[in-house]
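In my numbering, the protein residues as written are 61 to 329. To start, the structure under review is shown below, and the notes come after it.
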Amino acid sequence: MKRLLILVLVISITSTAMIFLLSDDKLTSATPPHVDQPMAIDSIFEHVILASQESGEFSASQALEQCEKLAACEINSELFNRYLSFKIALAELQQQLAHLPLSEQLIAMIAFQQRYFNAAEIALLFNDDNEWQHYTIAKLEINQNNHISDELKQQLLSNLEGEQPERITQALKPSNDLKALNTELKDALQQQDYNQLAAEFGDAAATRLIALEQQRRQWQTLSEQLTQQIKQLKQDHEPQQAEQKITQLLDEHLTANQKRRFLVLYPLH
């Protein structure tokens, strides 16, 4: 039974990696925001902003109107007004920081909070997010350190995870379980070892897993080839002409769904 559950999980994960789904469903009009108390103030603010966005074209005045409909937001309207201004400015800042490494982006965004809020307000509004961001920054610094061995990196990462609050370690657990499962199957899939996979999961599953691995490799090879050709087109042509040729290139080699997936994974701009 345990092997069967693992098998279903593996096939589900691997299949998801090969399929790119886009939903055409439209958002329904938002009803006036309703929050069951108690709720953290940052969650209330985000709830109000999301409700404003779903009800039509978003505007700051509309968000403030939504805030007035919710008592927990209205009594904190001055703080909400600053939070809203911060979110709008943060979106602009993220565009300006897009060229920087992720760790530098996160550091800049955390520092940006101090322009709008004092220390107590930052702890109230961003404590959870900042804990995750500090964890991410530390993890990136370890992974990007080329002066230490892989074994030491793994030890440092393990120590880092052990230092996190329980809610973060619990959130990381499913990811770690999947990583362990993927490591167990990595060699067999890379070598396309039918006998090993069949012995573990059965003939039909082994055939399916190997087929999915072959599809993954084909997609990876095609993606690498296309990104190289796109890079060359950008170097050889003016932007407008390059864009036309890139569109032709993608249309020639990819289906509509594959093209959407490719552009998400490898943005052109």
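Using N, Cα and C, we set each Cβ at its ideal position, and we do this for glycine too.
In three-state terms, what does DSSP make of residue i?
{"i": "K129", "result": "coil"}
{"i": "E281", "result": "A small correction: the amino acid at residue 281 is Thr; Glu does not occupy that position in the sequence shown. T281 falls in the helix class under three-state DSSP."}
{"i": "Q304", "result": "helix"}
{"i": "P225", "result": "coil"}
{"i": "D96", "result": "Reliability fails at D96, whose pLDDT of 41 lies under 50, so the model's placement of it is uncertain and no value is given."}
{"i": "H207", "result": "coil"}
{"i": "F118", "result": "coil"}
{"i": "Y195", "result": "helix"}
{"i": "H287", "result": "One detail in the question is off: residue 287 reads as Thr in this sequence, not His. In this structure, T287 counts as helix in the three-state DSSP scheme."}
{"i": "Y176", "result": "coil"}
{"i": "L153", "result": "helix"}
{"i": "N187", "result": "helix"}
{"i": "N141", "result": "helix"}
{"i": "E298", "result": "coil"}
{"i": "N136", "result": "coil"}
{"i": "H313", "result": "helix"}
{"i": "A158", "result": "coil"}
{"i": "L328", "result": "coil"}
Give a yes or no on whether the C-beta atoms belonging to residue i and residue j are separated by under 7 Å.
{"i": "Q126", "j": "A111", "result": "yes"}
{"i": "I202", "j": "L216", "result": "yes"}
{"i": "L309", "j": "F322", "result": "no"}
{"i": "Y195", "j": "Q165", "result": "no"}
{"i": "Y326", "j": "T287", "result": "yes"}
{"i": "I104", "j": "A132", "result": "yes"}
{"i": "N190", "j": "I170", "result": "yes"}
{"i": "A42", "j": "L157", "result": "The structure shown does not extend to residue 42, since the chain is modelled only from 61 through 329, so no value can be given for it."}
Which whole-angstrom value is the C-beta distance of residue i and residue j, which I expect to be below 8 Å?
{"i": "K291", "j": "A302", "result": "So it is not a contact: roughly 10 Å between Cβ atoms."}
{"i": "I197", "j": "S163", "result": "5 Å"}
{"i": "L124", "j": "N141", "result": "7 Å"}
{"i": "E181", "j": "L139", "result": "7 Å"}
Quick one: does residue i have its CB under 7 Å from some CB of chain C?
{"i": "K213", "result": "Protein chains in the displayed structure number just one, and chain C is not present."}
Counting pairs of Cβ atoms below 8 Å between the region 174-191 and the region 140-151, do you hit three or more? The region 174-191 and the region 140-151 touch, with no fewer than 3 CB-CB distances between them shorter than 8 Å.
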